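Here's the structure, in structure tokens; my notes come after.
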Amino acid sequence: MNKRVLIIGAGGFIGGFIAAESLRRGYETWCGVRESTSRRYLTDEKLHFLVLDYDDSSSMAATLSGALPEGERWDYIVYNLGATKCMNFLDFNRINFQYLRNFLNALHESGKVPGRFVYMSSLSALGPGDEKHYTPLTDDIVPHPDTRYGLSKVKAETELMTQPESFPWIILRPTGVYGPHEQDYLMMIKAIDSHWDFGVGFRRQMLTFIYVEDLARAIFDAAERAPVHRTYIVSEPKAYSQADFRRIVCRHLGRSFAIPVRLPLWIVKIASAVSEKYGIAKNKAMTLNSDKFKIMKQRNWSCDVSRAVADWGFAPRVDLDEGIRLTVDAYRAAQAEEKRRRKEEAASR
Numbered sequence: 197m198n199k200r201v202l203i204i205g206a207g208g209f210i211g212g213f214i215a216a217e218s219l220r221r222g223y224e225t226w227c228g229v230r231e232s233t234s235r236r237y238l239t240d241e242k243l244h245f246l247v248l249d250y251d252d253s254s255s256m257a258a259t260l261s262g263a264l265p266e267g268e269r270w271d272y273i274v275y276n277l278g279a280t281k282c283m284n285f286l287d288f289n290r291i292n293f294q295y296l297r298n299f300l301n302a303l304h305e306s307g308k309v310p311g312r313f314v315y316m317s318s319l320s321a322l323g324p325g326d327e328k329h330y331t332p333l334t335d336d337i338v339p340h341p342d343t344r345y346g347l348s349k350v351k352a353e354t355e356l357m358t359q360p361e362s363f364p365w366i367i368l369r370p371t372g373v374y375g376p377h378e379q380d381y382l383m384m385i386k387a388i389d390s391h392w393d394f395g396v397g398f399r400r401q402m403l404t405f406i407y408v409e410d411l412a413r414a415i416f417d418a419a420e421r422a423p424v425h426r427t428y429i430v431s432e433p434k435a436y437s438q439a440d441f442r443r444i445v446c447r448h449l450g451r452s453f454a455i456p457v458r459l460p461l462w463i464v465k466i467a468s469a470v471s472e473k474y475g476i477a478k479n480k481a482m483t484l485n486s487d488k489f490k491i492m493k494q495r496n497w498s499c500d501v502s503r504a505v506a507d508w509g510f511a512p513r514v515d516l517d518e519g520i521r522l523t524v525d526a527y528r529a530a531q532a533e534e535k536r537r538r539k540e541e542a543a544s545r
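Structure follows, in structure tokens:
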């Protein structure tokens with residue numbers, strides 16, 4: 197029989213690719229969503245949906261119990277639910293930690309503990325790396341996050357690690373995820389398309405990336421083959437400078453140049469604080485905030501992925517050059533579609 201997969205937090209940028217990869221592998225694919233969750237990237241008619249109230253463990257337990265016949269369960273649960281930016285930083289704890297705790301309680305109450313539980317954490321859970329010798333981050337580093345986001349992820353990881361020994365968790369810590377539909381890196385691509393490349397700080401910064409389809413493949417490769425009760429960094433095994441990133445983006449955009457603009461850290465810190473206060477006043481989560489500033493100022497995102505390679509054969513297929521080409525192609529296609537739509541609207545007036 198086909199394996200059953202339940203994806204919690206399936207509605208976002210990454211979730212849509214996880215669902216697509218699950219279907220590609222022939223799995224019976226279920227998507228856990230909220231009532232208000234957009235299904236923009238979840239349009240395949242083969243998908244099954246569960247509407248879950250993450251604030252209520254008992255309600256989720258009842259929904260899980262009713263989804264499958266008694267005694268049956270999902271082979272894999274991929275927990276991708278989380279917030280990367282919040283207006284109120286207490287929401288990081290509620291969404292990234294408390295919701296996971298509630299869901300785990302619901303699994304135990306409903307008797308639906310899966311064969312494997314893959315939790316999507318973040319490289320930010322580890323905290324700043326070595327910024328003197330640029331030693332790569334490894335899976336054995338004791339986490340010391342310096343952001344509220346990273347702290348909420350470590351709390352969630354700890355909640356998993358303190359589950360009964362029989363609970364089959366695997367933790368993935370992806371680095372920066374990019375690809376079609378992602379917005380933060382798209383902002384950088386748009387700036388370079390306008391011949392500007394904005395960066396933070398003057399010291400060398402080494403960046404790492406993982407293309408979204410490689411991440412989706414890694415999730416199921418780990419679910420199928422990785423030992424349980426282990427953590428894994430997920431990244432292309434190569435670090436890039438800001439200049440490397442700029443050159444690659446320029447080439448695929450067909451731009452001959454982009455002017456690098458380096459902003460002093462103190463200016464960005466002030467701008468982050470102002471943006472954060474503005475977001476609070478407007479009741480809106482801002483991309484630029486004090487948490488994001490700490491992430492941007494980190495100089496060393498280099499990664500050692502040897503444990504994932506040894507344990508389950510992790511081997512990303514898409515390097516940054518190819519991934520940016522695919523992302524730029526999607527960006528140009530979206531531009532063309534928007535231009536066509538506006539032309540049709542103008543003609544219909």
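Each residue of the sequence shown is one higher than the last, beginning at 197 in our numbering. Glycine included, C-beta positions come from ideal geometry on N, C-alpha and C. The structure displayed is predicted, hence computed values, not measured ones.
Sequence-distant residues of the same chain with beta carbon closer than 8 Å to residue i, five excluded per side
i    : result
E353 : Y315, S317, A321, P339, I367, T427
S498 : G325, Y330, T331, P332, L333, M402, T404, A435
F285 : R344, D487
R230 : G207, V247, L248, D249, Y250
K242 : L219, T225
E327 : R399, Q494, R495, N496
E355 : F293, L296, R297, L300
S254 : A302, E305
Whole-angstrom C-beta distance between residue j and residue i, which should lie under 8 Å
i    : j    : result
A467 : L484 : 6 Å
Y345 : D487 : 5 Å
M283 : K480 : 6 Å
K308 : L260 : 5 Å
F313 : D417 : Their Cβ separation, rounded to whole angstroms, is 15 Å, which puts F313 and D417 out of contact at 8 Å.
T523 : G372 : Not a contact, Cβ separation roughly 12 Å.
A302 : A257 : 4 Å
I203 : G222 : At roughly 15 Å, the Cβ-Cβ gap does not stay under 8 Å, so I203 and G222 are not in contact.
V430 : A419 : Contact doesn't hold; Cβ gap of about 13 Å is too wide.
P360 : E432 : About 35 Å; that fails the 8 Å criterion.
E217 : A422 : So it is not a contact: roughly 16 Å between Cβ atoms.
Bounding residues of the beta strand (DSSP E) (the contiguous stretch that carries residue i)
i    : result
T354 : Element bounds for T354: not the beta strand (DSSP E) but the alpha helix (DSSP H), 344 to 357.
M482 : Looking at the DSSP string, M482 is not in any beta strand (DSSP E), and its letter there is neither H nor E.
M316 : 312 to 316
D393 : 392 to 396
T280 : First-last for T280: undefined, no H or E at that position.
F453 : That residue, F453, is in no beta strand (DSSP E); it is neither H nor E in DSSP.
W508 : Looking at the DSSP string, W508 is not in any beta strand (DSSP E); the run it does join, the alpha helix (DSSP H), is 502 to 508.
V229 : 224 to 229
6 Å CB neighbourhood of residue i in its chain, flanking five on each side removed
i    : result
L461 : G397, K493
R399 : R495
I337 : L322
K351 : F293
L459 : V396
G519 : Y407
A263 : L246
V514 : Y407, D410
G205 : G211, N276, L277
H244 : W226
Cβ shell of residue i (< 7 Å), same chain only, five flanking positions each side left out
i    : result
P324 : D342, Q494
G311 : D271, Y272, P364
A279 : D287, F288, I291, N292
F394 : A387, V457, L459
D517 : I444
H425 : W365
L347 : P341
S471 : M482, L484, N485
V464 : V396, F489, M492
S234 : G207
D335 : T427, Y428, I429, R503
Extent of the continuous alpha helix (DSSP H) to which residue i belongs
i    : result
T259 : 253 to 263
G519 : 516 to 544
H304 : 295 to 306
Y381 : 380 to 389
F209 : 209 to 220
R400 : First-last for R400: undefined, no H or E at that position.
F245 : Per DSSP, F245 belongs to no alpha helix (DSSP H); it is in the beta strand (DSSP E), 244 to 247.
Strand pairing of residue i, partner residues [DSSP]
i    : result
P613 : The chain is shown from 197 up to 545; residue 613 falls before or after that span and cannot be answered.
Y272 : V201, R312
S437 : M402
Y407 : Y374
R458 : G395
N496 : M402
L333 : C499
- Task: Taking 8 Å as the threshold, find out whether the stretch 454 to 466 comes into contact with the stretch 521 to 534 through three or more Cβ pairs.
- Result: no
- Message: Would the stretch 500 to 511 count as touching the stretch 436 to 446 if we require 3 or more Cβ pairs under 8 Å?
- Response: no
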